[in-house]
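S.K.:
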Amino acid sequence: MKRFSSNATRQPHAFTLIELLVVIAIIAILAAMLMPALFTAKAKAKATGCVNNLRQLSLGWKMYADDNNGTLAVNLPLPGIKPNWVLGDFANQSAANSLANLRQGLLFSYVLNPAVYHCPADIIRSNGEPSALSYTLNSWMGSRTMAQPPNASSTGSAFRTFVRETEINAIAAASRLWMFSDEDASTLNDGYFLVTMDDTRPFASFPGIRHQRGGGINFADGHAQIFKLRDPASVPGKQSGYYNNSDWLLWKQMTTEH
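The opening position of the sequence shown corresponds to residue 43 in my numbering, with each subsequent residue numbered one higher.
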């Protein structure tokens, strides 16, 4: 009878503890190398989603004006007053996530998807649900509210407010006048992004910084981008000392003109 070698029945050799530790260490190193790339990819995807939302809001804003003889959607700092581009007191935690605030706004028939009003990177929640609104509208567009003292320049001439498309086109600055912006949760209470050109309340409404210290912003010509805050002194919740802040100075330049 043919005998089989004892090697033929030998069990596979198990990993030693040292070999297992080496494998685990290699996996940990690879994971550490991949995590920053995955984080960056995820952050870029959210930023892209934010910019796309702003483009859709811009398109709805434009269609509303086209259907109303060039009149811009009403934008007032009065959360419960109709008509307004969006309604609701978003500082009220019990109502901040109510989609009814969006549905009753002037733009909802043009931008029907509630998700468009919410930045993908906005993780602030009310009653366990995300806030319905992440974006607000330039206070100098949609009403004459800001065309009152003390919103006059040091020379005495008022800054421009815009309630019709022709008023924007007349100064040929649609590509650099911002319209909708991410707003930080610390100041977002309605759909009105307040900018005091006379510096009475610098950054009374604070830009969103959800995208690596930047926020989505779009302009009256329809283009959108992520606006980065560069000045280290730009901090949400701070209500004074911004007069020479480079971010504040640039923000004012993009808001309106004389």
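From the three backbone atoms N, C-alpha and C, an ideal C-beta is built for every residue, glycine too.
A quick note: this is a predicted structure, and the numbers were derived from the prediction, not measured.
Could you check whether the stretch 263-279 touches the stretch 231-250, counting it as contact only if at least three pairs of C-beta atoms, one from each stretch, sit closer than 8 Å?
M.R.: Enough Cβ pairs lie closer than 8 Å, so yes.
S.K.: Three-state secondary structure (DSSP) at Tyr177?
M.R.: strand
S.K.: Three-state secondary structure (DSSP) at Met75?
M.R.: helix
S.K.: Which of the three DSSP states is assigned to Asp224 in this structure?
M.R.: strand
S.K.: Among the residues of its own chain, which have a CB less than 7 Å from the CB of Leu179, if the five just before and after it don't count?
M.R.: Excluding sequence neighbours, Leu179 sits near Asn117, Trp127, Met221, Phe222, Gly233, Tyr234 and Phe235.
S.K.: List the endpoints of the continuous alpha helix (DSSP H) containing Leu126.
M.R.: For the record, residue 126 in the displayed sequence is Asn; it is not Leu. Careful: Asn126 lies outside any alpha helix (DSSP H) and carries neither H nor E.
S.K.: Rounded to the nearest angstrom, how far is the Cβ of Phe261 from that of Arg206, given a contact under 8 Å?
M.R.: Taking 8 Å as the upper bound for CB-CB distance, Phe261 and Arg206 are not in contact here, some 17 Å apart.
S.K.: With Ile210 as the anchor, note down where its alpha helix (DSSP H) starts and where it stops.
M.R.: Glu207 to Asn211
S.K.: In the DSSP assignment, what residue or residues form a beta bridge with Tyr234?
M.R.: Leu179
S.K.: Rounded to whole angstroms, what is the Cα-Cα separation between Ser195 and Gly102?
M.R.: Bear in mind that a pLDDT of 45 at Ser195, under 50, signals an unreliable position, so the number given afterwards is only what the model happens to contain. Distance between the alpha carbons of Ser195 and Gly102: 32 Å.
S.K.: For the alpha helix (DSSP H) holding Ala142, just list the boundary residues, first then last.
M.R.: Ala142 to Arg145
S.K.: Less than 8 Å between the beta carbons of Gly184 and Ala107, yes or no?
M.R.: no
S.K.: When you compare only the Cα positions, how much space is there between Gly122 and Ala200?
M.R.: 28 Å
S.K.: On a Cα-Cα basis, can you pick out the residue from His300, Pro274, Gln254 and Leu271 that is closest to Thr90?
M.R.: The residue with the shortest Cα to Cα distance from Thr90 is Gln254.
S.K.: DSSP state of Gly256, grouped into three classes?
M.R.: Assigned with DSSP and collapsed to three states, Gly256 falls in strand.
S.K.: Mind checking which residues open and close the beta strand (DSSP E) that includes Lys270?
M.R.: Per DSSP, Lys270 belongs to the beta strand (DSSP E) from Ala266 to Lys270.
S.K.: Output the distance between the C-alpha atoms of Ser136 and Gln98, rounded to the nearest integer angstrom.
M.R.: 27 Å
S.K.: What's the call for Ser151, buried or exposed, on a 16-neighbour Cβ count within 10 Å?
M.R.: exposed
S.K.: Return the first residue and the last residue of the alpha helix (DSSP H) that Asp289 is part of.
M.R.: Per DSSP, the unbroken alpha helix (DSSP H) holding Asp289 starts and ends at Ser288 to Gln295.
S.K.: What is the DSSP secondary structure of Arg97, counted as helix, strand or coil?
M.R.: helix
S.K.: With a threshold of 16 other CB atoms inside 10 Å of the CB of Ser176, please say whether the residue is buried or exposed.
M.R.: Looking at its Cβ environment, which holds 16 or more other Cβ atoms inside 10 Å, Ser176 is buried.
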